[in-house]
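**Student:** Dropping a structure here in structure tokens format, bear with me for questions.
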Amino acid sequence: MNTIVCVKQVPDCTVVKYDIRTNCLENVHYIMDPIDEISVSEALKIREKNGGEVIAITLGPPRADKVMRSCLKMGVDHAVHLCDDSFDHIDSYATSRILASHISQMKYDLILCGNQSMDEGNGFVGPGIAGYLKLPLVTAVTRIDIFTDTMTAVVHRRLKGGDREIIESPLPAVLTVETMLTSPIYPRLRTILVGLKKDISTMDARALGIDKEPFEPAITVTNISQPKPRLKKTATIDSSMTAQERMRFLMTGGIQQQSSKVVQKSPEAAAADIIQFLIDNGIISQKR
Amino acid sequence: MSEHGEITSQETDVPLNRMETNGTGVWFFIEHKDDEVDEGSLKLAGEARLLADKLGQETTGIIIGSGVEGLVGRFGSYGIDSAIVVEDDRLGSYIGETYVDILSQLVEPNRPSIILFAASTIGNDLAPRLAAKLEAALVANYTEIEIDKERKITVRKAIYGGNAQATIAPLRSPLIGTIDTQSLSEQKAKSPKDTRVRKASVRIEPKTSTTKIIDYLRADPCAVCVSEAEIVIGVGKGLGCVENLDAVEELARVMGASIGGSRRATDERWIADERRIGLTGKTITPRLYLVCGISGAFHHTLSIKGANLKVAVNKDVNAPIAKMADLMIVGDMQEIIPELTKQLREIIKPAT
Ligand SMILES: Cc1cc2nc3c(=O)[nH]c(=O)nc-3n(C[C@H](O)[C@H](O)[C@H](O)COP(=O)(O)OP(=O)(O)OC[C@H]3O[C@@H](n4cnc5c(N)ncnc54)[C@H](O)[C@@H]3O)c2cc1C
Ligand SMILES: Nc1ncnc2c1ncn2[C@@H]1O[C@H](COP(=O)(O)O)[C@@H](O)[C@H]1O
């Protein structure tokens, strides 16, 4: 039972900030995408039960070797780093093609990806790999049970409001995982020490045999700017606003102090107001 | 019998419209459940119409299922030109592999310029599958599609957890976009249209689905984790004592809500730690967050921005939560909650 885990290095989105003065991203600290930490942990649990190997793979610039080292310290058997100048600024479409073309040379029974990455949240790489390798795909997976006798996986897929669909898939398959799948593992010191010594196998475009026919991207990012808040749905520019208020309106996407309705009435009337508000907004519907 | 994927108009005397010959148009995917169109799909229709107007193209809804033709009528008031209907008894529930097969058969001969999906559990699954199959441009969770005078398309989306915004140029056609429909407002058309039903004949190969749905687990909305709940009731220090939780639990049962709370509420052991909302707890994105007796400290409100509607019940008109709430009720939660439960029992039922 060999599992390949696709791991992405991302800026820590809880601390990164866009600086309006310099027009640059500040406080950029690269980390392993937390969702990928979940899939690595799950892969290691699958190995514990079913044997085989776990291989972590990443595509990224030289600094991404750090996440491969982290994977080795967590206890994965091999780490593969696809790294080439020509991979700079490629989109997730090309990323999935390059990853898939290399994975196709490997021996695997299961491929795990994050459902959506922390930085871009495209949710494309998993489906992209599945499409390219013509493998079954289940997205938004919250639980995995592997049956090696029948070579099938039985998984839970996350639906709206906490509902789950239970899906059976033959292996090999691509599964994209959700954060509630499992909790990150804490490796033992011995595992960490072994991981520190292992080699990361780094491959450039030539070694991958894709320097001749590069994968054309499907999109290109032309600009990164300061986040623009979404207009509040109920917001309309009120002509009675002062210039300062209007400015704040534009900056925040609505003067929320003013858009909120304040009600102070008897409990009966207040409750009736809440109910009317919920009906108006389609949260509840009247009995037919 | 038409070619696979070719769309046949129901009234055969209607000539093939421009869209089909030019190979353009704005499409959107319609979701439905229990013979009702998903509310998000109606908002998506309005969004598709706006984009189509800018491109000078037609709007087409795609609806797949069994016995769904009757739902098309809903889209007239949104100014939708036509709907492509794919019906089959085997299409009762969503199966990604089958649906993507059908969609790609429709797209290839018709070449729409944009296809929109809701960023829902279905849209998030279907859009990337389709993009991979068509080798198309995908922008997931976009916030805005801009079309300039030359009809050049640029897309914007939030990246890095909302700390920056990316401007994206699609390099291939069609552009496939997913959007959080909760962020869209309803856009009815000024002049409604008679949405034309177009039946499509497609190959449906259940065998293409190598995965199999073997069961469905329906969650208890009151027991579900607050981060997944559609309706959340949050309680704070204002609850007063644990005995008052009974009334909140009763309301939660009536509304189908999951109870969460502030750090003060978890510190008091009124509710379990795993139900804490905030910096050191869970982030929530429900359709409704009913905030009772919570002041609205930054550590708490940080994690409730994704809630679509916020209704606050608080004794203090100056509580910071008032700045965030869509509706602020000033009063005693101990009096208002039982009253709300009573009135809800009398007149309404939960929508879903
Ligand atoms: C590092 C750090 C992390 C933190 N993380 C979190 C976190 O994850 N989540 C979190 O919530 N907090 C967190 N906090 C605590 C946070 O700063 C606030 O102290 C906390 O959110 C306040 O909780 P509260 O609103 O329930 O209580 P209070 O601030 O005491 O507010 C109680 C509110 O209830 C109202 N009220 C009282 N009686 C009634 C009544 N009968 N009817 C209606 N309203 C009434 C009052 O007017 C008041 O507004 C954190 C703090 C720190 C320092
Ligand atoms: N450069 C990359 N290298 C390896 N895996 C990646 C890379 N980019 C994305 N992935 C995988 O695809 C998942 C979803 O990413 P995305 O498509 O960007 O939302 C991630 O959680 C990773 O598992």
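Chains as they are written, first to last, in the working numbering: chain G, 92 to 379; chain A, 960 to 1311.
We put the beta carbon where it would ideally sit given N, CA and C, even for glycine.
Helix, strand or coil for G:Cys-115 per DSSP?
**Tutor:** Taking the first sequence and counting its residues from 1, the one referred to as residue 115 of chain G is at position 24. If DSSP states are grouped into helix, strand and coil, G:Cys-115 belongs with the strands.
**Student:** Identify whether A:Lys-1241 lies in helix, strand or coil by the three-state DSSP scheme.
**Tutor:** One-based indexing of the second sequence puts residue 1241 of chain A at position 282. Looking at A:Lys-1241 - three-state DSSP - the assignment turns out to be strand.
**Student:** Quick one: what's got a C-beta closer than 7 angstroms to G:Phe-306's C-beta in the same chain, skipping five residues either side?
**Tutor:** For the purposes of this step, residue 306 of chain G is taken as the residue at position 215 of the first sequence. Taken in chain order, the residues that qualify are Ala-185, Arg-188 and Ile-189.
**Student:** Nearest chain A C-beta to G:Leu-272 closer than 8 angstroms, yes or no?
**Tutor:** Residue 272 of chain G sits at position 181 when you count from the first residue of the first sequence. No, no contact with chain A.
**Student:** Just how far apart, CA to CA, sit A:Thr-1137 and A:Asn-1203?
**Tutor:** Position 178 of the second sequence, counting from 1, holds the residue named residue 1137 of chain A. Position 244 of the second sequence, counting from 1, holds the residue named residue 1203 of chain A. Cα to Cα, A:Thr-1137 sits roughly 42 angstroms from A:Asn-1203.
**Student:** At the level of alpha carbons, what is the spacing between A:Asp-994 and G:Asp-168?
**Tutor:** The residue given as residue 994 of chain A occupies position 35 in the second sequence. The residue given as residue 168 of chain G occupies position 77 in the first sequence. Each residue's alpha carbon lies about 50 angstroms from the other.
**Student:** CB of G:Thr-186 to nearest heavy atom of ligand 2: below 7 angstroms?
**Tutor:** As a position in the first sequence, residue 186 of chain G is number 95, starting the count at 1. Yes.
**Student:** Which complete alpha helix (DSSP H) runs does the stretch 1168 to 1250 of chain A hold, if anything under 4 residues is left out?
**Tutor:** 1204 to 1214 and 1222 to 1226
**Student:** Output yes if chain A places a C-beta closer than 8 angstroms to the C-beta of G:Arg-337; else output no.
**Tutor:** Numbered from 1 along the first sequence, position 246 holds the residue referred to as residue 337 of chain G. At G:Arg-337 the pLDDT is 48, less than 50, meaning the model places this residue with poor confidence; the figure from the coordinates comes in the next sentence. Chain A, which has no Cβ nearer than 8 angstroms to the Cβ of G:Arg-337, makes this no.
**Student:** With distance defined between alpha-carbon atoms, name the residue in G:Ser-130, G:Asn-141 and G:Ile-310 nearest to A:Ala-1095.
**Tutor:** For the purposes of this step, residue 1095 of chain A is taken as residue 136 along the second sequence, with counting starting at 1. Of G:Ser-130, G:Asn-141 and G:Ile-310, the residue nearest in Cα terms is G:Ile-310.
**Student:** When you compare each of A:Leu-1050, A:Ser-1072, A:Leu-1001 and A:Tyr-1248 to A:Gly-1038 by their alpha carbons, which one comes out closest?
**Tutor:** The residue you call residue 1038 of chain A lines up with position 79 of the second sequence. Looking at the Cα atoms, A:Leu-1001 is the closest of the given residues.
**Student:** Could you check which residue in G:Asp-182, G:Leu-173 and G:Ala-221 has the C-alpha nearest to that of G:Asp-302?
**Tutor:** For the purposes of this step, residue 302 of chain G is identified with residue 211 of the first sequence, where counting begins at 1. When G:Asp-182, G:Leu-173 and G:Ala-221 are compared, the shortest CA-CA separation from G:Asp-302 is found for G:Leu-173.
**Student:** Can you find a C-beta in chain G that's less than 8 angstroms from the C-beta of A:Ile-966?
**Tutor:** On the second sequence, residue 966 of chain A is found 7 positions in, with the first residue counted as 1. With a pLDDT of 47 at A:Ile-966, under the threshold of 50, the modelled position of this residue cannot be trusted; read the value that follows with caution. So, not an interface residue.
**Student:** So, does the CB of G:Pro-358 fall closer than 8 angstroms to a CB anywhere in chain A?
**Tutor:** Counted from its first residue, the first sequence places residue 358 of chain G at position 267. With 8 angstroms as the cut-off, G:Pro-358 counts as an interface residue toward chain A.
**Student:** Any residues in the stretch 979 to 998 of chain A with a beta carbon nearer than 8 angstroms to a beta carbon of chain G? Which ones, in chain order?
**Tutor:** Answer set for the stretch 979 to 998 of chain A: Glu-998.
**Student:** Quick one: using the 10 Å Cβ neighbour count with 16 as the cut-off for buried, is A:Gly-1051 buried or exposed?
**Tutor:** To locate residue 1051 of chain A, count along the second sequence from 1; it is residue 92. So A:Gly-1051 counts as exposed.
**Student:** Using the beta-carbon count (16 or more within 10 Å), is A:Gln-1293 buried or exposed?
**Tutor:** The residue given as residue 1293 of chain A occupies position 334 in the second sequence. By the 10 Å Cβ count, A:Gln-1293 comes out buried.
**Student:** When burial is assigned at 16 or more other CB atoms within 10 Å of the CB, is G:Val-96 buried or exposed?
**Tutor:** Position 5 of the first sequence, counted from the start, is the residue given in the question as residue 96 of chain G. The residue in question, G:Val-96, is buried, as its Cβ has 16 or more Cβ neighbours within 10 Å.
**Student:** How would you call G:His-120, buried or exposed, if buried means at least 16 neighbouring beta carbons within 10 angstroms?
**Tutor:** Stepping through the first sequence from its first residue, residue 120 of chain G is reached at position 29. G:His-120 should be labelled exposed.
**Student:** When DSSP labels each residue in this structure, what does G:Phe-215 get in the three-state scheme?
**Tutor:** Along the first sequence, one-based indexing puts residue 215 of chain G at 124. Under the three-state reduction of DSSP output, G:Phe-215 falls in the coil class, being neither helix nor strand.
**Student:** Note down the Cα distance separating A:Gly-1220 from A:Pro-1279, rounded to an integer number of angstroms.
**Tutor:** If you number the second sequence from 1, residue 1220 of chain A lands on position 261. If you number the second sequence from 1, residue 1279 of chain A lands on position 320. Those two C-alpha atoms are separated by around 16 angstroms.
**Student:** How many angstroms separate the CA atom of A:Thr-1057 from the CA atom of A:Glu-1164?
**Tutor:** Taking the second sequence and counting its residues from 1, one reaches residue 1057 of chain A at position 98. Taking the second sequence and counting its residues from 1, one reaches residue 1164 of chain A at position 205. Distance between the alpha carbons of A:Thr-1057 and A:Glu-1164: 7 angstroms.
**Student:** Please confirm whether A:Gly-1240 has its beta-carbon closer than 8 angstroms to some beta-carbon of chain G.
**Tutor:** Stepping through the second sequence from its first residue, residue 1240 of chain A is reached at position 281. Cβ-Cβ to chain G under 8 angstroms: no for A:Gly-1240.
**Student:** Which ranges does the beta strand (DSSP E) cover as unbroken runs of at least 3 residues, wholly within the stretch 143 to 204 of chain G, from first to last along the chain?
**Tutor:** 145 to 150 and 169 to 173
**Student:** Between A:Pro-1133 and chain G, is there a C-beta pair that is closer than 8 angstroms?
**Tutor:** On the second sequence, residue 1133 of chain A is found 174 positions in, with the first residue counted as 1. With 8 angstroms as the cut-off, A:Pro-1133 does not count as an interface residue toward chain G.
**Student:** I'd like to know whether the C-beta of G:Ile-111 is nearer than 8 angstroms to at least one C-beta of chain A.
**Tutor:** Here residue 111 of chain G corresponds to residue number 20 of the first sequence, with the count starting at 1. No, its Cβ sits nowhere closer than 8 angstroms to a Cβ of chain A.
**Student:** In the DSSP assignment, the beta strand (DSSP E) including G:His-247 goes from what residue to what residue?
**Tutor:** Within the first sequence, the letter at position 156 stands for residue 247 of chain G. Its beta strand (DSSP E) spans residues 243 to 249.
**Student:** Report the residue from A:Gln-1302, A:Asp-1012 and A:Phe-1034 whose alpha carbon sits nearest the alpha carbon of A:His-991.
**Tutor:** Position 32 of the second sequence, counting from 1, holds the residue named residue 991 of chain A. Looking at the Cα atoms, A:Phe-1034 is the closest of the given residues.
**Student:** When the Cα atoms are used, what is the spatial distance from A:Asp-1205 to A:Gly-1121?
**Tutor:** On the second sequence, position 246 is the one that residue 1205 of chain A refers to. On the second sequence, position 162 is the one that residue 1121 of chain A refers to. Rounded to the nearest whole angstrom, the CA to CA distance from A:Asp-1205 to A:Gly-1121 is 38 angstroms.
**Student:** Opposite G:Asp-110 in the DSSP bridges: which residues?
**Tutor:** To locate residue 110 of chain G, count along the first sequence from 1; it is residue 19. Bridge partners of G:Asp-110: G:Cys-115.
**Student:** Just how far apart, CA to CA, sit G:Asn-372 and A:Arg-1246?
**Tutor:** Taking the first sequence and counting its residues from 1, one reaches residue 372 of chain G at position 281. Taking the second sequence and counting its residues from 1, one reaches residue 1246 of chain A at position 287. C-alpha separation (whole angstroms): 10 angstroms.
**Student:** Check whether the Cβ of A:Asn-1277 lies closer than 8 angstroms to any Cβ atom in chain G.
**Tutor:** Walking along the second sequence from the start, residue 1277 of chain A turns up at place 318. Not flagged as an interface residue toward chain G: A:Asn-1277, since no C-beta distance is shorter than 8 angstroms.
**Student:** If you draw a straight line from the alpha carbon of G:Ser-177 to that of G:Pro-308, how long is it in whole angstroms?
**Tutor:** Taking the first residue of the first sequence as 1, we reach residue 177 of chain G at position 86. Taking the first residue of the first sequence as 1, we reach residue 308 of chain G at position 217. Approximately 12 angstroms, taken between the alpha carbons.
**Student:** Are any of the Cβ atoms in chain A nearer than 8 angstroms to that of G:Glu-259?
**Tutor:** On the first sequence, position 168 is the one that residue 259 of chain G refers to. With a threshold of 8 angstroms between beta carbons, G:Glu-259 makes contact with chain A.
**Student:** Which one or two residues does DSSP pair with A:Tyr-1101 in a beta bridge?
**Tutor:** Translated into the one-based positions of the second sequence, residue 1101 of chain A becomes position 142. Bridge partners of A:Tyr-1101: A:Lys-1116.
**Student:** Rounding to the nearest angstrom, what Cα-Cα distance links G:Thr-327 and A:Ile-1061 in this structure?
**Tutor:** For the purposes of this step, residue 327 of chain G is identified with residue 236 of the first sequence, where counting begins at 1. For the purposes of this step, residue 1061 of chain A is identified with residue 102 of the second sequence, where counting begins at 1. Reliability fails at G:Thr-327, whose pLDDT of 35 lies under 50, so the model's placement of it is uncertain and the value that follows must be treated cautiously. Cα-Cα distance, rounded: 41 angstroms.
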